[in-house]
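The sequence shown begins at 537 in the numbering used here and counts up one residue at a time. Notes follow the structure.
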Amino acid sequence: MSRAVPNLLSILRALLALPIILALPQHPTLALLIFIGAALLDWVDGFCARALGAESALGATLDPIADKILYLSTLVALCIAMNSAPLVSAIVFTVPAEAALVAIRVIPSLKKRLGNNTAATWVGKMKMGIQCAAVILLFCSFILSSSFWGMTGTILAFIGTACSWWSFMSHIVRSKKTTALN
């Protein structure tokens, strides 16, 4: 059972996107607190996996998918709630990179072609941190009706988009090096 804990935490993180979306219009502070809790689960599930010796292929698959579900669904909900055209652009440019990252890390034929070297990188971890910070600032903007936090959060969302593409390209470059060595 203890080996299943990290995977259950990843699934919970993905599922928490729904209460965030539902709470956002009427209870944005509650939605923010749920988001922060869900974002912290990303660290907790990784820590548990390492501490329990429960790192697994399933966990390596679930973790990035849970990240994408949490971030993108919350960003879309905030975009709608805030009626923000710039956030639409960030979403449009982020989705292809995130979809490609999931494909690289999840689809077995791609993993094989890329030398099975698809583990999370420091770029990806930094990206998730920036994306979470962007969402938190956007929540602050929505809750406080503050254009400063909205602008800052939007800029961070675009930096997160750039990091998504950087992460994708780093996986491609790393795979080229791996396949060249074989």
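Don't be surprised by glycine CBs; every beta carbon is placed ideally from N, CA and C. From a predicted model like this one, the values you see are computed outputs, not experimental measurements.
Query: Distance CB(A617)-CB(L569) smaller than 8 Å; Result: no
Query: Buried versus exposed, by CB contacts within 10 Å (16 or more), K712; Result: exposed
Query: Residues of its chain near P564, where Cβ-Cβ distance is below 7 Å and the 5 sequence neighbours each way are ignored; Result: F675, F678 and I679
Query: Contacts around E634, its chain only, beta-carbon distance under 7 Å, and the 5 residues preceding and following it disregarded; Result: K604, L608 and S700
Query: Pair within 8 Å by beta-carbon distance, A596 and R641; Result: yes
Query: Helix, strand or coil at G589 according to DSSP, with G and I counted as helix; Result: coil
Query: Assumed close pair G665, S703 - CB separation to whole angstroms, cut-off 8 Å; Result: That pair is no contact at about 12 Å.
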